[in-house]
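Trainee: Before I ask anything, let me first share the structure, which is written out below as structure tokens.
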Amino acid sequence: MKKTYTLRELGLDEAMLASEHARPSVEIVKKLQQRKHESYIVGGAVRDLLLGISPKDYDVATSATPEEIRRIFRRGARIIGRRFRLVHVRQGRAMVEVSTFRRRTPKAETETVGGLQADNTYGSPAQDALRRDMTINALMLDPVAKTVIDHVRGIDDIRDRLLRVIGDPATRYDEDPVRMIRILRLAAKLNCEVEPAALRAIAPAADKLEVISSSRLFEEFKKTVNSGAAYKAFELMRKNKLMHAAMPDGEKLRREQLQFVRDALRSNDEKFNGGGRNSLSVLLACMYWSLVAPRWREACAGGEESTDLLYEMAAEAGLNRNQWVTRMVKSHIMNIWEYQYRFERIIKDGRKVRFRPDSYEVKKALELFELRVRHGEVPAEDKATLDQALAVDAADVPRKRPRRRRPRRRAAAAE
Ligand code: ATP
Ligand code: MG
Numbered sequence: 001m002k003k004t005y006t007l008r009e010l011g012l013d014e015a016m017l018a019s020e021h022a023r024p025s026v027e028i029v030k031k032l033q034q035r036k037h038e039s040y041i042v043g044g045a046v047r048d049l050l051l052g053i054s055p056k057d058y059d060v061a062t063s064a065t066p067e068e069i070r071r072i073f074r075r076g077a078r079i080i081g082r083r084f085r086l087v088h089v090r091q092g093r094a095m096v097e098v099s100t101f102r103r104r105t106p107k108a109e110t111e112t113v114g115g116l117q118a119d120n121t122y123g124s125p126a127q128d129a130l131r132r133d134m135t136i137n138a139l140m141l142d143p144v145a146k147t148v149i150d151h152v153r154g155i156d157d158i159r160d161r162l163l164r165v166i167g168d169p170a171t172r173y174d175e176d177p178v179r180m181i182r183i184l185r186l187a188a189k190l191n192c193e194v195e196p197a198a199l200r201a202i203a204p205a206a207d208k209l210e211v212i213s214s215s216r217l218f219e220e221f222k223k224t225v226n227s228g229a230a231y232k233a234f235e236l237m238r239k240n241k242l243m244h245a246a247m248p249d250g251e252k253l254r255r256e257q258l259q260f261v262r263d264a265l266r267s268n269d270e271k272f273n274g275g276g277r278n279s280l281s282v283l284l285a286c287m288y289w290s291l292v293a294p295r296w297r298e299a300c301a302g303g304e305e306s307t308d309l310l311y312e313m314a315a316e317a318g319l320n321r322n323q324w325v326t327r328m329v330k331s332h333i334m335n336i337w338e339y340q341y342r343f344e345r346i347i348k349d350g351r352k353v354r355f356r357p358d359s360y361e362v363k364k365a366l367e368l369f370e371l372r373v374r375h376g377e378v379p380a381e382d383k384a385t386l387d388q389a390l391a392v393d394a395a396d397v398p399r400k401r402p403r404r405r406r407p408r409r410r411a412a413a414a415e
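Under UniProt numbering, the letters of the sequence shown match residues 1 to 415, in that order.
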């Protein structure tokens with residue numbers, strides 16, 4: 001059922017392929033084709049172009065093996081990858097991911113690594129299309145012939161803005177449970193519908209996400225936070241009983257907690273859509289705060305707030321159980337929380353500000369603080385007090401002096 005469309009037929013402006021961003025991949029495809037290797041631009045880039053979105057990266061797929069690719073691009077090529085081997089090809093200042101067509105290997109035939117099969121079996125272009133997750137992600141663009149090749153009726157789905165899993169959804173989720181998060185994340189980001197069968201298969205398979213490596217989940221959530229549609233993505237995850245993958249206790253949020261989380265997500269997206277860049281730590285600091293806010297408020301009312309309590313609350317809210325949140329992100333979250341305590345001291349005790357209010361760290365902490373104000377958790381007059389203190393004291397806080405480098409211990413010992 002292979003179908004070939006011309007770019008013109010699809011209403012795709014060829015000038016897109018001459019853009020600075022697309023050119024390196026186009027050059028690589030040309031060179032591979034000159035050496036008689038079938039090659040295309042594939043994946044998210046083709047999908048985004050057809051949907052009128054500017055792609056993040058232009059991946060290339062080819063019939064050439066990693067060794068052949070390396071021989072063609074010599075020093076500009078580096079073979080990488082654990083799950084499957086692919087090649088990073090340098091083209092000017094850009095780096096393009098080039099992979100060899102491969103086929104889907106049924107679960108029974110392979111060992112799973114981190115919940116994902118190690119599928120390194122090469123295949124035909126048609127097989128490569130079929131191993132991909134969704135039809136709109138399986139299109140192949142030939143920038144030389146100026147065509148798009150469609151093995152899976154993906155063009156129809158692009159036109160209908162419909163996300164369809166290739167093959168049986170339950171089987172494909174079982175092979176790789178991350179596909180469940182991907183389909184919801186992309187439905188939100190691309191503003192597309194998901195076919196009902198693909199949605200129905202999610203809740204029964206949700207527990208399979210437990211075997212997924214933290215780094216893969218981390219990557220998916222990092223993409224979600226900076227997609228401009230995190231709110232919708234999380235709503236879809238909640239409706240489809242996948243929220244626990246993001247947050248272990250996420251399924252149990254009570255009404256006002258959910259309002260808080262939703263508000264955090266909305267501000268996150270507003271910031272991104274306004275040209276800003278979001279930090280996963282801020283979003284998580286806000287989301288988890290929803291779980292601890294009542295206890296913190298109580299503690300503050302009784303004058304019992306402390307940084308120790310913040311750590312206790314974090315543990316109770318399940319932050320430590322959240323496997324995919326890295327230690328680094330956890331420490332950022334705690335830092336944002338500790339600032340809430342410092343703000344409290346400034347407001348209540350009139351303590352002097354001992355940090356620069358315009359530092360990146362404080363700005364992140366203020367994002368949570370503002371959310372708390374909006375939710376009536378912090379009275380507006382307290383915010384006014386803090387703002388004033390920050391404005392007045394800021395002038396007095398010395399800028400961090402550039403740290404003088406201490407001699408390394410080894411050097412010291414040699415003295
Ligand atoms: P984004 O634009 O958010 O990066 P993407 O679809 O491009 O989304 P990538 O992770 O960059 O996501 O993947 C590139 C392509 O690889 C996808 O378009 C899809 O064809 C294929 N792919 C990625 N992840 C999977 C998966 N888990 N199962 C099957 N195919 C996948
Ligand atoms: Mg991509």
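The C-beta atom is built at its ideal place from N, Cα and C for all residues, glycine as well.
Are there three or more Cβ pairs, one per stretch, closer than 8 Å when the segment 120 to 132 is compared with the segment 186 to 197?
Mentor: With the cut-off at 8 Å, the segment 120 to 132 and the segment 186 to 197 do not touch.
Trainee: Anyone know if the C-beta pair for L386 and I346 falls short of 7 Å?
Mentor: Here the question's residue 386 lines up with position 386 in the sequence shown. Here the question's residue 346 lines up with position 346 in the sequence shown. Closer than 7 Å, so yes.
Trainee: Specify the secondary structure class of D249 as computed by DSSP and reduced to three states.
Mentor: One-based indexing of the sequence shown puts residue 249 at position 249. Looking at D249 - three-state DSSP - the assignment turns out to be coil, as it is neither helix nor strand.
Trainee: Output needed for residue 464: all residues of its chain with C-beta closer than 7 Å, excluding positions within five of it in sequence on either side, in chain order.
Mentor: In the structure as shown, the chain starts at 1 and stops at 415, and residue 464 therefore has no counterpart that could be examined.
Trainee: Have a look at the DSSP bridge pairing and note the partners of E193.
Mentor: For the purposes of this step, residue 193 is taken as residue 193 along the sequence shown, with counting starting at 1. Answer is L162, bridged to E193.
Trainee: Give every residue of the same chain whose Cβ lies closer than 7 Å to the Cβ of L162, excluding the five residues on either side of it in the sequence, and list them in chain order.
Mentor: For this step, residue 162 is matched to residue 162 along the sequence shown. C192, E193 and E195.
Trainee: Look at R254 and T224 and say whether their C-beta atoms are less than 7 Å apart.
Mentor: Residue 254 sits at position 254 when you count from the first residue of the sequence shown. Residue 224 sits at position 224 when you count from the first residue of the sequence shown. Contact: no.
Trainee: Is it true that the segment 58 to 74 meets the segment 29 to 41, where meeting means three or more beta-carbon pairs spaced less than 8 Å apart?
Mentor: Yes, the segment 58 to 74 touches the segment 29 to 41.
Trainee: Taking just the CA atoms, how far does D263 sit from D48?
Mentor: Counting from 1 along the sequence shown, the entry for residue 48 is found at position 48. Counting from 1 along the sequence shown, the entry for residue 263 is found at position 263. Going by the C-alpha atoms only, they are around 28 Å apart.
Trainee: Considering only DSSP beta bridges, list what K3 is partnered with.
Mentor: Locating residue 3 in the sequence shown gives position 3, counting from the first residue. According to DSSP, which records beta bridges pairwise, K3 is partnered with D150.
Trainee: Using a Cβ-based criterion (distance less than 6 Å to any ligand heavy atom), does K2 qualify as near ligand 1?
Mentor: Within the sequence shown, numbered from 1, the residue matching residue 2 stands at position 2. False, no ligand heavy atom lies under 6 Å from that Cβ.
Trainee: Confirm the yes/no value for this check: CB of V225, any heavy atom of ligand 1, distance under 6 Å.
Mentor: On the sequence shown, residue 225 is found 225 positions in, with the first residue counted as 1. V225: no, Cβ never under 6 Å from ligand 1.
Trainee: Give the DSSP-derived three-state secondary structure of S19 in the structure shown.
Mentor: As a working mapping, residue 19 is identified with position 19 in the sequence shown. In the structure shown, S19 sits in coil (DSSP, three-state: anything other than H, G, I, E or B).
Trainee: By alpha-carbon positions, which one of R132, G44, E219 and L390 ends up nearest to G350?
Mentor: Start at 1 with the first residue of the sequence shown, and residue 350 comes out as number 350. Closest by alpha carbon: L390.
Trainee: Would you report the Cα separation of M237 and Y339, rounded to the nearest angstrom?
Mentor: Working through the sequence shown from its first residue, we reach residue 237 at position 237. Working through the sequence shown from its first residue, we reach residue 339 at position 339. Straight-line Cα distance between these residues: approximately 30 Å.
Trainee: With distances taken from CA atoms, which of T135, K31, R277 and P379 is nearest V98?
Mentor: Taking the first residue of the sequence shown as 1, we reach residue 98 at position 98. Ranking the options by Cα distance to V98, first place goes to K31.
Trainee: At which residue ranges does the segment 7 to 69 contain complete alpha helix (DSSP H) runs of 4 or more residues, listed in the order of the chain?
Mentor: Correct list: 23 to 34 and 44 to 50.
Trainee: Could you tell me the boundaries of the alpha helix (DSSP H) in which Q91 lies?
Mentor: Residue numbering aside, residue 91 sits at position 91 when the sequence shown is read from its first letter. That residue, Q91, is in no alpha helix (DSSP H); its beta strand (DSSP E) goes L86 to Q91.
Trainee: Helix or strand or just coil, what does DSSP make of R103?
Mentor: Position 103 of the sequence shown holds residue 103. In the structure shown, R103 sits in coil (DSSP, three-state: anything other than H, G, I, E or B).
Trainee: Counting along the chain, where does the alpha helix (DSSP H) carrying I347 start and finish?
Mentor: Your numbering for residue 347 matches position 347 in the sequence shown. Its alpha helix (DSSP H) spans residues R327 to D349.
Trainee: Along the chain, where does the beta strand (DSSP E) that runs through L280 open and close?
Mentor: Position 280 of the sequence shown holds residue 280. Looking at the DSSP string, L280 is not in any beta strand (DSSP E); the run it does join, the alpha helix (DSSP H), is L280 to A301.
Trainee: Can you tell me whether D142 is helix, strand or coil according to DSSP?
Mentor: The sequence position of residue 142 within the sequence shown is 142, counting from 1. Three-state result, D142: strand.
Trainee: For L309 and E68, I'd like the C-alpha separation in whole angstroms.
Mentor: Here residue 309 refers to the residue found at position 309 when the sequence shown is read from its first residue. Here residue 68 refers to the residue found at position 68 when the sequence shown is read from its first residue. Between L309 and E68, the C-alpha separation is close to 59 Å.
Trainee: Could you have a look at R78 and say whether DSSP puts it in helix, strand or coil?
Mentor: Indexing the sequence shown from 1 puts residue 78 at position 78. Strand.
Trainee: If we count the other Cβ atoms within 10 Å of its Cβ and call it buried at 16 or more, is Y173 buried or exposed?
Mentor: If you number the sequence shown from 1, residue 173 lands on position 173. With 16 or more Cβ atoms within 10 Å of its Cβ, Y173 is classed as buried.
Trainee: Could you work out which residue in L284, G302, R372 and I80 is closest to S331 when comparing CA atoms only?
Mentor: Within the sequence shown, residue 331 is the residue found at index 331, counting from 1. The residue with the shortest Cα to Cα distance from S331 is L284.
Trainee: Could you round the C-beta distance between P248 and A201 to whole angstroms and report it? I think they count as a contact, below 8 Å.
Mentor: Numbered from 1 along the sequence shown, position 248 holds the residue referred to as residue 248. Numbered from 1 along the sequence shown, position 201 holds the residue referred to as residue 201. The pair is not a contact, with the Cβ atoms about 22 Å apart (cut-off 8 Å).
Trainee: How big is the Cα-Cα spacing for E344 and R374?
Mentor: Numbered from 1 along the sequence shown, position 344 holds the residue referred to as residue 344. Numbered from 1 along the sequence shown, position 374 holds the residue referred to as residue 374. Those two C-alpha atoms are separated by around 16 Å.
Trainee: What does DSSP give as the partner residues of E97 in its beta bridges?
Mentor: By one-based count along the sequence shown, residue 97 stands at place 97. Per DSSP, H88.
Trainee: Where DSSP assigns a beta bridge to M134, which residues make up the other side?
Mentor: As a working mapping, residue 134 is identified with position 134 in the sequence shown. DSSP output for M134 lists V165 as bridge partner(s).
Trainee: Just the Cα atoms here: how many angstroms apart are E256 and G376?
Mentor: One-based indexing of the sequence shown puts residue 256 at position 256. One-based indexing of the sequence shown puts residue 376 at position 376. If you take the alpha carbons of E256 and G376, they lie about 11 Å apart.
Trainee: May I ask which residues mark the beginning and end of the alpha helix (DSSP H) holding residue 422?
Mentor: Nothing can be reported for residue 422, as the shown portion of the chain is limited to 1 through 415.
Trainee: Do A233 and P268 have their beta-carbon atoms positioned less than 7 Å apart in this structure?
Mentor: Walking along the sequence shown from the start, residue 268 turns up at place 268. Walking along the sequence shown from the start, residue 233 turns up at place 233. In the sequence as presented, Pro is not what sits at residue 268; that position holds Asn. No, they are not a contact pair.
Trainee: In whole angstroms, give me the CA-to-CA distance for A365 and D160.
Mentor: Position 365 of the sequence shown, counted from the start, is the residue given in the question as residue 365. Position 160 of the sequence shown, counted from the start, is the residue given in the question as residue 160. So the alpha carbons of these two residues sit roughly 42 Å apart.
Trainee: Please name the residue or residues paired with Y122 in a DSSP beta bridge.
Mentor: Numbered from its first residue, the sequence shown carries residue 122 at position 122. Looking at the DSSP assignment, Y122 forms a beta bridge with R102.
Trainee: Determine the DSSP secondary structure at A198, reduced to helix, strand or coil.
Mentor: Working through the sequence shown from its first residue, we reach residue 198 at position 198. The answer is helix: DSSP assigns A198 an H, G or I state.
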